[in-house]
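**Student:** Residue numbers (my numbering): 5 to 380.
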Amino acid sequence: MTPLFETGFGHALKLARYPERKHEELQAFDAADSLLLEELASDRPALADKRILVVGDAFGALSVPLATYGVTTYTDSFSSARAIARNADRNPSETKSTPRIVHRLADLEGPYDLVLLRPPKNLAYLEDLLATLSSKLAPGARLVAGVMVKHQSDGAFELLERLVGPTRTSLAKKKARLIFADFVRAPSVSPFPRDVRLDGFDRPFHHPSNLFSRERLDIGTRFFLEHLPAGDARSILDLGCANGIVGIAAGRMHPAARVTYTDDSWMAVESAKENHARFGEGREADFAWTNAYEDGPDEAHDLVLCNPPFHQGTTVGDQIAGAMFHQAHRVLRPGGRLRVIGNAHLGYPARLARIFGGIEPVARNAKFTVVDAIKR
Ligand SMILES: C[S@@+](CC[C@H](N)C(=O)[O-])C[C@H]1O[C@@H](n2cnc3c(N)ncnc32)[C@H](O)[C@@H]1O
5 MTPLFETGFG HALKLARYPE RKHEELQAFD AADSLLLEEL ASDRPALADK RILVVGDAFG
65 ALSVPLATYG VTTYTDSFSS ARAIARNADR NPSETKSTPR IVHRLADLEG PYDLVLLRPP
125 KNLAYLEDLL ATLSSKLAPG ARLVAGVMVK HQSDGAFELL ERLVGPTRTS LAKKKARLIF
185 ADFVRAPSVS PFPRDVRLDG FDRPFHHPSN LFSRERLDIG TRFFLEHLPA GDARSILDLG
245 CANGIVGIAA GRMHPAARVT YTDDSWMAVE SAKENHARFG EGREADFAWT NAYEDGPDEA
305 HDLVLCNPPF HQGTTVGDQI AGAMFHQAHR VLRPGGRLRV IGNAHLGYPA RLARIFGGIE
365 PVARNAKFTV VDAIKR
């Protein structure tokens, strides 16, 4: 049963995570969401004439109860955008309207009077968000960040002080706390995206702020690149593509291939698009902002390449990897190959064997294992 979320605005909302998980009841809200709403509910009339922006709401706990105030909500994550939209639909009588969801920072209009922020752990992304917002805030606009104390970082305070204004904090409640900052600084320019040089490429890659291994080539990716299969695949899927380097390298080893790049992060998809334009040698390509590849066509690919994530937001686990393996099985043609890299301790081979009926080891070192699973 979906647990109810008491919003402090007189609603008890049914909120679920996205993607939903069959055997788990992980909540779609936390004490920091409750504390933020409690703060706002204490002066409801003041909300009526404010332009409100919500940033980093994972599943809709903030955007859905505040939809009635015409909020805009920004997220880079497809799964979060889907969760927010579905949770708004799930609670029509409570919310009456749906939040406007934006996934491109450039599409934020402003000027906003009030920003509710769930700060990301990635400080480069936070810096990008705050710098971008600095030209979209009304003078004196208030930013209220809700954090779980265990995820609070000094770096976030420094960025808020530098890019927004002096901060003050609330008392902690249920291990959550609020940070307040009124906008008094001058607008600043975001240092992202950046051009980053990676070994083996004569020109730099395009890297936005919320990108996996934003500053250098990840060591797992490096090992994966050393063990990509060559051949004559016609349709390659780079599942969880980040900057697209795996699909770009594989495309070069399969001259007739069309490459599809997918990621949950909009910035990642944009980055893969730009990098494919730089390095894809004119090869045809498709790009999808999606969860795993849940909306991809059945039996359309000969080769799927996957270096799965091991967390969703702050929740660590192999659920996304599992979903990616199931989707890979569905989108592969019979006889098609899924090649996966993972930390040796993660147990991907056993999981793949259950879905595909067997695996073939490809390579391993002290940290990583690369295996193939063939669709029968
Ligand atoms: C470990 S990184 C691998 C990136 C790249 N393929 C590489 O090997 O360097 C995993 C990628 O999966 C993406 N991701 C996370 N959750 C996802 C989901 N539900 N659906 C699709 N991609 C997801 C992340 O944004 C990240 O870019």
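Idealized CB from N, CA, C, for every residue including glycine.
Taking all protein chains shown into account, do 16 or more other C-beta atoms lie within 10 angstroms of the C-beta of P365, making it buried, or fewer, making it exposed?
**Tutor:** In the sequence shown, counting from the first residue as 1, residue 365 sits at position 361. Counting Cβ neighbours within 10 Å, P365 comes out exposed, since fewer than 16 surround it.
**Student:** Helix, strand or coil for L210? Go by DSSP, reduced to three states.
**Tutor:** Residue numbering aside, residue 210 sits at position 206 when the sequence shown is read from its first letter. The amino acid at residue 210 is misidentified as Leu; the sequence shows His. Here H210 sits in strand by DSSP.
**Student:** Between L243 and K154, what straight-line distance do the alpha-carbon atoms span, to the nearest angstrom?
**Tutor:** Walking along the sequence shown from the start, residue 243 turns up at place 239. Walking along the sequence shown from the start, residue 154 turns up at place 150. Cα to Cα, L243 sits roughly 31 Å from K154.
**Student:** Identify every residue that forms a DSSP beta bridge with L44.
**Tutor:** Within the sequence shown, numbered from 1, the residue matching residue 44 stands at position 40. For L44, which the question treats as bridged, DSSP gives no partner whatsoever.
**Student:** Sorted by chain position, which residues of the same chain lie with C-beta nearer than 6 Å to R201's C-beta, five sequence neighbours on each side aside?
**Tutor:** The count along the sequence shown starts at 1 and reaches residue 201 at position 197. The residues are P208.
**Student:** Is it the case that the CB of V250 approaches a heavy atom of ligand 1 more closely than 6 Å?
**Tutor:** If you number the sequence shown from 1, residue 250 lands on position 246. Yes, since a heavy atom of ligand 1 falls inside the 6 Å radius drawn around the Cβ of V250.
**Student:** Quick one: is P123 buried, meaning 16 or more other Cβ sit within 10 Å of its Cβ, or exposed?
**Tutor:** As a position in the sequence shown, residue 123 is number 119, starting the count at 1. With 16 or more Cβ atoms within 10 Å of its Cβ, P123 is classed as buried.
**Student:** Strictly by DSSP, which residues pair up with N347?
**Tutor:** Counted from its first residue, the sequence shown places residue 347 at position 343. DSSP lists F372 as partners of N347.
**Student:** Cutting at 6 Å between CB atoms, please list the residues of its own chain near H210, excluding the five before and the five after it.
**Tutor:** The residue labelled residue 210 in the question sits at position 206 within the sequence shown. Correct list, in chain order: P197, S275, E278 and N279.
**Student:** Among D132, P212, N247 and G150, which one has its Cα closest to the Cα of D37?
**Tutor:** Residue 37 sits at position 33 when you count from the first residue of the sequence shown. The option with the nearest alpha carbon to D37 is G150.
**Student:** Is the beta carbon of L40 closer than 7 Å to that of V119?
**Tutor:** To locate residue 119, count along the sequence shown from 1; it is residue 115. To locate residue 40, count along the sequence shown from 1; it is residue 36. It is not a contact, given that the beta carbons lie outside the stated cut-off.
**Student:** Whose CA, out of R337, V250 and L342, lies closest to the CA of G326?
**Tutor:** The residue labelled residue 326 in the question sits at position 322 within the sequence shown. If we check each option's Cα against that of G326, L342 comes out closest.
**Student:** Over what stretch of residues does the beta strand (DSSP E) that includes D199 continue unbroken?
**Tutor:** Stepping through the sequence shown from its first residue, residue 199 is reached at position 195. From DSSP, the beta strand (DSSP E) with D199 extends over R198 to V200.
**Student:** Is any heavy atom of ligand 1 found at a distance shorter than 6 Å from the C-beta of P313?
**Tutor:** On the sequence shown, position 309 is the one that residue 313 refers to. Yes, ligand 1 has a heavy atom inside 6 Å of this Cβ.
**Student:** So for K277, helix, strand or coil by DSSP?
**Tutor:** As a working mapping, residue 277 is identified with position 273 in the sequence shown. In this structure, K277 counts as helix in the three-state DSSP scheme.
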